[in-house]
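Numbering of the sequence shown is given in the working numbering, commencing with residue 4 and proceeding in unit increments. A virtual CB, placed ideally from N, CA and C, is assigned to each residue, including glycine.
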Amino acid sequence: MQTTSLTVSAPNQFIERNGRRLAYRRFGAGQPILFCNRFRGDLDTWDPAFLDALAAQGFDIIIFDYSGLGLSTGERTYNPLVLAKDVIDLLDALELPQVVLGGWSVGGLVAQVVFATAPQRLSHLVLLGTNPPGELPKMAEQLFYDLAGKPENDFDDYVQLFFEPRSAASRQAAADSFARLQLRQTERSVPVSGEWAGSLLAATGGKPRSNFFPAPAVLEALKHTTLPILHIGGDHDISFPVENWYALNEQLPTMQLHTFPQAGHGPHQQYPEASAQTIATFVRTATATPQPAAVQSQTVAS
């Protein structure tokens, strides 16, 4: 029986690629699964209970800091087209021809760009609390912009951003998750600058940006793919409402939607073991087949 958290004890590692250093951690054994992080996320914002549960399900876990953020060097940005290059460079450096690719929030946009531009590198796509491409029937709540743009976020912000504060059970799950995020005491990553991140949100005028990434090309790829895709969401996500995925019912042939009740933007932080089991079952049972030629040749302009 595992008593030590693999997530907490995993050492920092680095690869040099295309003029910058990418920091990553890798632990577990089995099928490789690589995760792209959320807005203002770093190596230490993934809940250890979630990643440990995935490792126990037989996954080789890889998490990393985007270029210029956390412990990585290079130019910092949240442009998904640019961040997608981090994923490809990391896969190449680690000599991984194909992985399960996951993405949380903004990381889900990054993962979708990788999916649309290099589908041969993916066996499955796992999205956590993110948006589909294109025009959105339900936009983010103003509360997200008010909190995500603060110079520093405290525990109360964590509850409101990623959980459902109206639910006592969700608030308790937030407290448990927040405590787990503090378990690592050494070699922690560097938090993303709140001033810089806040300036990005301020530049939008506090309004959502539906054109944040190449939506038409990505949406076409989603509509014509044979790659298995899973989205795990909460029923009250103030950032990327899960209703936007349900609006695409019958248009996405391989999409599976799993929505947790009384949950917010961090469903896998609130339900770590259940989320890991859902992902493991999905990867084990959803058949990955070769991409159609039309999708394999898909390009997305930078």
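**Item:** Straight-line gap, Ser8 to Asp55 (C-alpha atoms, nearest Å)
**Value:** 6 Å
**Message:** Between the alpha carbons of Glu246 and Ala224, how many angstroms are there, rounded?
**Reply:** 20 Å
**Segments of 4+ residues assigned as alpha helix (DSSP H) that fall wholly inside the region 215-262** = 218-227, 246-249
**Prompt:** From what residue to what residue does the alpha helix (DSSP H) around Ser202 run?
**Reply:** 197-206
**Message:** Rounding to the nearest angstrom, what Cα-Cα distance links Pro244 and Leu139 in this structure?
**Reply:** 9 Å
**Request:** My understanding is that Phe62 touches Ile36, with C-beta atoms under 8 Å, so please give their C-beta distance in whole angstroms.
**Result:** 5 Å
**Request:** Would you please state the rounded distance, in angstroms, between the beta carbons of Gln272 and Phe263? I believe it to be under 8 Å.
**Result:** With a Cβ gap of about 11 Å, Gln272 and Phe263 do not count as contacting.
**Asked** Where Leu72 and Glu78 are concerned, what is the direct C-alpha to C-alpha distance, given to the nearest angstrom?
**Response** 8 Å
**Message:** Determine whether the beta carbon atoms of Gln60 and Ala266 lie at a separation below 8 Å.
**Reply:** no
**Prompt:** Going by other Cβ atoms of all chains shown within 10 Å of its Cβ, with 16 needed for buried, is Leu186 buried or exposed?
**Reply:** exposed
**DSSP-derived helix/strand/coil call for Leu146** = helix
**Test item: CB-CB of Lys153 and Asp159 under 8 Å** = no
**Request:** Identify which residue in Leu74, Leu84, Val102, Tyr81 has its Cα closest to the Cα of Phe38.
**Result:** Val102
**Message:** In chain order, what are the residue ranges of uninterrupted beta strand (DSSP E) at least 3 long that sit wholly in the region 12-48?
**Reply:** 16-20, 23-31, 34-39
**Asked** DSSP on Ser213, reduced to helix/strand/coil?
**Response** A caution first: Ser213 carries a pLDDT of 46, below 50, which makes its placement in the model unreliable, though a value can still be read off. DSSP places Ser213 in coil when its eight states are reduced to three.
**Item:** Pair within 8 Å by beta-carbon distance, Val129 and Val90
**Value:** no
**Asked** What is the residue span of the beta strand (DSSP E) that Ser126 lies within?
**Response** 125-131
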